[in-house]
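When we follow the numbering used here, the leftmost residue of the sequence shown carries the number 669, and every step to the right adds one.
The C-beta atom is built at its ideal place from N, Cα and C for all residues, glycine as well.
Model, not experiment: these values are computed from the prediction.
Working notes for the structure below.
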Amino acid sequence: MGSEAALLLEAADFAARKHKEQRRKDPEGTPFINHPIGVARILAHEAGVTDIVVLQAALLHDTVEDTDTTFSEIEERFGEEVRRVVEEVTDDKALPKMERKRLQVERAPGSSPRAKLVKLADKLHNLRDLNRCTPEGWSSQRVQEYFRWAARVVAGLRGTSAPLEAALQRLFEERGLAL
Numbered sequence: 669m670g671s672e673a674a675l676l677l678e679a680a681d682f683a684a685r686k687h688k689e690q691r692r693k694d695p696e697g698t699p700f701i702n703h704p705i706g707v708a709r710i711l712a713h714e715a716g717v718t719d720i721v722v723l724q725a726a727l728l729h730d731t732v733e734d735t736d737t738t739f740s741e742i743e744e745r746f747g748e749e750v751r752r753v754v755e756e757v758t759d760d761k762a763l764p765k766m767e768r769k770r771l772q773v774e775r776a777p778g779s780s781p782r783a784k785l786v787k788l789a790d791k792l793h794n795l796r797d798l799n800r801c802t803p804e805g806w807s808s809q810r811v812q813e814y815f816r817w818a819a820r821v822v823a824g825l826r827g828t829s830a831p832l833e834a835a836l837q838r839l840f841e842e843r844g845l846a847l
């Protein structure tokens with residue numbers, strides 16, 4: 669498994685198998701795997717990222733948080749560097765939701781450059797999804813609150829990727845929010 673293409677495909681396959689039963693919260697019930705693939709695509713196509721560790725971490729970023737995957741398993745299969753990035757972007761689901769959100773805002777500025785890239789692309793993909801359609805059970809107020817919180821996280825990631833930050837800035841401005 670020496671080529672970068674093979675490494676990416678291995679991460680995509682692993683994520684697809686781990687997320688196979690999961691769906692997004694949109695009315696269509698989009699397969700969840702579309703999200704990590706979308707995050708990796710944003711990094712490659714919009715930010716020009718070629719760092720294989722960042723792209724693998726993007727594909728794997730929700731596996732520990734949302735499946736039975738462990739950090740040890742990530743490290744065994746993809747190496748310590750990928751595990752470190754995935755670990756940085758993974759919320760501790762044992763904590764209450766509001767505490768997890770608070771910690772994302774607090775920890776964003778001290779994140780590694782690789783983790784910041786994954787976080788920016790993750791937020792961009794999620795916010796574009798929210799603009800495309802509202803998740804089932806979400807009010808317009810809840811969507812706006814998510815945008816406000818995301819803007820606080822993104823503010824701590826500034827100086828990482830001009831193209832991603834510009835795309836996020838446009839989304840926030842459309843919502844009447846400033847970074």
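Using the beta-carbon count (16 or more within 10 Å), is P781 buried or exposed? Stepping through the sequence shown from its first residue, residue 781 is reached at position 113. So P781 counts as exposed.
How should E841 be labelled, buried or exposed, when 16 other C-beta atoms within 10 angstroms of its C-beta is the threshold for buried? Position 173 of the sequence shown, counted from the start, is the residue given in the question as residue 841. By the neighbour-count rule (16 or more Cβ atoms within 10 Å), E841 is not buried but exposed.
Inspect the beta-carbon positions of S740 and E756 and report whether they are closer than 8 Å. Taking the sequence shown and counting its residues from 1, the one referred to as residue 740 is at position 72. Taking the sequence shown and counting its residues from 1, the one referred to as residue 756 is at position 88. Contact flag unset, no.
With 16 other Cβ atoms within 10 Å as the buried cut-off, status of G716: The residue given as residue 716 occupies position 48 in the sequence shown. By the 10 Å Cβ count, G716 comes out exposed.
Give me, in chain order, the residues of the same chain whose beta-carbon lies closer than 7 Å to that of V721; leave out the 5 immediate sequence neighbours on both sides. Against the sequence shown, residue 721 aligns to sequence position 53. Closer than 7 Å at Cβ, skipping near neighbours: E749, V750, V753, R782.
The alpha helix (DSSP H) with A789 in it runs from where to where? Here residue 789 is taken as the residue at index 121 of the sequence shown, counted from 1. Looking at the DSSP string, the run of the alpha helix (DSSP H) that includes A789 is 781 to 800.
According to DSSP, is P699 helix, strand or coil? Locating residue 699 in the sequence shown gives position 31, where the first residue counts as 1. Of the three classes helix, strand and coil, the one that applies to P699 here is strand, per DSSP.
Using CA coordinates, which residue listed in I701, L788, T828, R685 is at the minimum distance from L836? As a working mapping, residue 836 is identified with position 168 in the sequence shown. When only C-alpha atoms are compared, the closest one is L788.
Supposed close pair H729, P704 - CB separation, criterion 8 Å: Here residue 729 refers to the residue found at position 61 of the sequence shown. Here residue 704 refers to the residue found at position 36 of the sequence shown. Confirmed, about 6 Å.
Whether or not the stretch 799 to 809 and the stretch 760 to 773 are in contact is what I'm after, with contact meaning three or more pairs of Cβ atoms, one per stretch, closer than 8 Å; do they touch? no
Would you tell me roughly how many angstroms separate the C-alpha atoms of A762 and L845, rounded to the nearest one? For the purposes of this step, residue 762 is taken as residue 94 along the sequence shown, with counting starting at 1. For the purposes of this step, residue 845 is taken as residue 177 along the sequence shown, with counting starting at 1. Distance between the alpha carbons of A762 and L845 is about 31 Å.
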